[in-house]
Amino acid sequence: MNIHLATGNNSPLYVPKACPEFALGLDPSVACFLNSFHCFAAESVLEKNAVYRLRHKVYCEELNFEPIRESGMENDSFDTNSIHLGIEHALSAKMVGTVRVITSANSQERLPVESNFGNTITHAELNPAAFQREQICEISRLAVPDFVRCKLRSGDMFTDEQQAQSGSLVAISLYLLASVLCEQEGRFHCFVMFEHKMARALRKIGIHFSQVGDFTEYHGLRAVHYLDVRTLNETLKPKYLALRSMLATQLDSNSLARLGSKKIA
């Protein structure tokens, strides 16, 4: 099994010049992305530790949102109740992004937005407490390392505009991937804590998060937002709806492959 490790800024990712037209009718940048990157759910201890190391790189070393840990891994108590997702570069197996979906089995297992920002939530109907616990979740700890962001900004990560556009889909794909998992798990009511500019950017592609709380200072002004993931089939723009569908297929295929390898072992 591959171990998905983040690397430093001096490790460029190679993307083939010709992205095969294996997905007829897909936007070229989406087809190129799906050929160049693979998604996965981190299930083993080694895979989860790789996720935590990437989060440490982004949240502790690059953004300084969290203190440096001697372990080199950024994790917390909510990870116990989380499903961790990642995207890796197909040829190099380098992880280029990760996100987690935090679940809740009962009222004692509160989401971070409840534990830390519950007093800021002002919408009575779109409140985690208003839904059945097995139908709620929170998307958090989305991390795309600087070696990806810098390569995109400098233009030396990809050889042409199409490939650059495919690389810029990493962060968006993490949100789409999380929404796929939420829907598959029946956790339709999704919460997230982010800035207004992120909500605005996602709305442009058809992900309509609703602000359900007041802004508060948390690494910048942020507010709790809500999304029913079942609405995405109606709101997503065609390019991103196709990407989401293909990510769902890829995630299912990778999960089945891992299950088969475990049985063989």
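Positions 1213 to 1477 (this note's numbering) are the ones given, in order, by the sequence shown. We treat Cβ as the ideally placed atom computed from N, Cα and C, and that holds for glycine.
- Residue environment analysis places F1421 among the buried positions, since at least 16 neighbouring C-beta atoms fall within 10 angstroms of its C-beta.
- Closest in C-alpha terms to H1437, from the list N1318, M1307, M1405, S1352, comes M1405.
- About 4 Å separates the beta carbon of A1355 from that of V1270, a gap short enough to meet the 8 Å contact definition.
- Excluding its 5 nearest sequence neighbours in each direction, Q1462 has C-beta neighbours in its own chain below 8 Å: L1246, H1250, C1251, listed in chain order.
- Where A1302 is concerned, there is no enclosing beta strand (DSSP E), because DSSP gives it neither an H nor an E.
- By alpha-carbon distance to L1444, the top candidate from G1284, H1335, F1400, S1352 is F1400.
- Taking 7 Å as the cut-off, the Cβ atoms of L1393 and E1350 do not count as close.
- Judged by pairs of C-beta atoms under 8 Å, the region 1309-1318 touches the region 1333-1346, as three or more such pairs exist.
- By the criterion of a C-beta distance shorter than 7 Å, L1266 is surrounded in its chain by A1218, M1307, T1310, A1355, P1357, once the five residues flanking it on both sides are discounted.
- The beta carbon of G1432 is closer than 7 Å to those of E1407 in its chain, skipping five residues each way along the sequence.
- Here DSSP, grouped into helix, strand and coil, assigns V1257 to helix.
- The beta-carbon distance between K1260 and A1253, rounded to whole angstroms, is 10 Å. This is too long to meet the 8 Å contact definition.
- With a minimum length of 4 residues, the unbroken runs of alpha helix (DSSP H) contained wholly in the region 1388-1420 fall at 1408-1417.
- Membership of E1350 in the beta strand (DSSP E) is indicated by the continuous run 1348-1355.
- G1298 and A1305 have their C-alpha atoms roughly 11 Å apart.
- One thing to note: R1312 has its Cβ no nearer than 7 Å to the Cβ of H1301.
- Under the DSSP assignment, A1243 falls in the alpha helix (DSSP H) whose first and last residues are 1240-1248.
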